[in-house]
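Step one of this worksheet: look at the structure below.
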Amino acid sequence: MIYIQLIGVLAFAVLVLSFYKKNPKTIISYQIVSNFAYTVHYFLLGALSGAYISFIGIFRNIAIIKVKKHKKILVGIVILSYLIVTLVFYEGLHSLFPIVANSAYLITMVMGTKKSLLIGGIISPVLWALYGLFVGSYASAITETILLVSNTIQL
Numbered sequence: 469m470i471y472i473q474l475i476g477v478l479a480f481a482v483l484v485l486s487f488y489k490k491n492p493k494t495i496i497s498y499q500i501v502s503n504f505a506y507t508v509h510y511f512l513l514g515a516l517s518g519a520y521i522s523f524i525g526i527f528r529n530i531a532i533i534k535v536k537k538h539k540k541i542l543v544g545i546v547i548l549s550y551l552i553v554t555l556v557f558y559e560g561l562h563s564l565f566p567i568v569a570n571s572a573y574l575i576t577m578v579m580g581t582k583k584s585l586l587i588g589g590i591i592s593p594v595l596w597a598l599y600g601l602f603v604g605s606y607a608s609a610i611t612e613t614i615l616l617v618s619n620t621i622q623l
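So in the numbering used here, the last one in the sequence shown is 623, and the numbering has no gaps at all.
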């Protein structure tokens with residue numbers, strides 16, 4: 469069980485490093501790695517809605533970097549994917565936290581500024597921390613709280 473929590477800490481460390489980068493594309497690239505680690509972490513915990521939302525986040529981040537036009541369509545497709553995953557892997561009310569967190573963050577990512585990413589980096593950790601507590605991801609709950617403080621300071 470400790471190794472599962474360590475994977476969550478690794479995901480967090482990469483995510484925190486992303487917010488100290490200047491270039492939005494670099495920030496998002498780091499977050500691709502973080503999403504992969506979170507996917508593994510939540511999957512090993514049996515928290516399937518968190519795992520699949522994180523997995524979709526990998527492709528969301530790649531698309532944010534690659535797609536130059538039609539970003540509103542991208543947002544719609546990703547949010548629809550989140551909704552489908554949430555319906556299929558619904559674990560209770562707490563399984564809505566990841567979809568709201570990632571939807572809010574997606575909107576700030578599309579805005580494309582460091583400030584908007586930091587704002588998304590304040591909303592998202594609150595919801596992911598709560599989700600972490602519900603599914604036994606103590607590493608996630610603690611590290612998302614630290615991320616919340618870090619992003620608030622940078623703002």
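Even glycine gets a Cβ: it sits at the ideal position worked out from N, Cα and C.
All values reported here derive from a predicted model rather than from experimental measurement.
Check	Outcome
Simplified DSSP assignment, three categories, for Ile-509	The question names Ile, yet the displayed sequence has His at residue 509. Three-state DSSP puts His-509 in a helix.
Cβ-Cβ distance between Ala-607 and Gln-473 below 8 Å	yes
Separation of Leu-548 from Leu-516, as counted between CA atoms	17 Å
Integer-rounded CB distance, given that Ala-572 should sit under 8 Å from Gly-560	Their Cβ separation, rounded to whole angstroms, is 20 Å, which puts Gly-560 and Ala-572 out of contact at 8 Å.
Collapsed DSSP secondary structure at His-538 in the structure displayed	coil
Collapsed DSSP secondary structure at Thr-632 in the structure displayed	The structure shown does not extend to residue 632, since the chain is modelled only from 469 to 623, so the question has no answer here.
Pairwise C-alpha distance: Thr-494 and Phe-557	31 Å
6 Å Cβ shell around Met-577 - same chain, five flanking residues per side excluded	Ile-532
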